[in-house]
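Working notes, beginning with the structure itself.
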Amino acid sequence: METILQKAEFIEKEKIGELHFPQTEVVADEAGRKLRLKDLSDATILGNIEHNKVKIVFEDDESVKYTETTIWATSDKNISLKSGITIPLHRIHRIII
Numbered sequence: 108m109e110t111i112l113q114k115a116e117f118i119e120k121e122k123i124g125e126l127h128f129p130q131t132e133v134v135a136d137e138a139g140r141k142l143r144l145k146d147l148s149d150a151t152i153l154g155n156i157e158h159n160k161v162k163i164v165f166e167d168d169e170s171v172k173y174t175e176t177t178i179w180a181t182s183d184k185n186i187s188l189k190s191g192i193t194i195p196l197h198r199i200h201r202i203i204i
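Residue numbers 108 to 204, in my numbering, belong to the letters of the sequence shown in order.
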């Protein structure tokens, strides 16, 4: 079975600002959304303390993509990467630490 990461296209974090994100949620079940929040919290702590990079699998209006970078902050609506780049939480499939 193909995983979401295997079908995702790599994108440099600097290009994320050019993408368009629909308002729909990509994680269908409540348990998956709770796991995403836990993983985001862990990744944010690692990003701030250890400067560890994680894989972020997300979806814009065209396809599933991933990038590998440090998450600096997580709010109730977005994650913040370097240079003011953000990704809406509702478009993130998963975080791979």
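Even glycine gets a Cβ: it sits at the ideal position worked out from N, Cα and C.
| query | result |
| --- | --- |
| Residue interval of the alpha helix (DSSP H) (run including Asn155) | 137 to 156 |
| Per DSSP, cross-strand counterpart(s) of Ala115 | BP columns for Ala115 are empty, so no partner. |
| C-alpha distance - Asp183 paired with Glu137, whole-angstrom precision | 15 angstroms |
| Bridge partners - Glu166, DSSP secondary structure assignment | Val171 |
| Of the listed residues Ile156, Asp167, Arg201, Leu142, nearest to Ala180 (C-alpha basis) | Ile156 |
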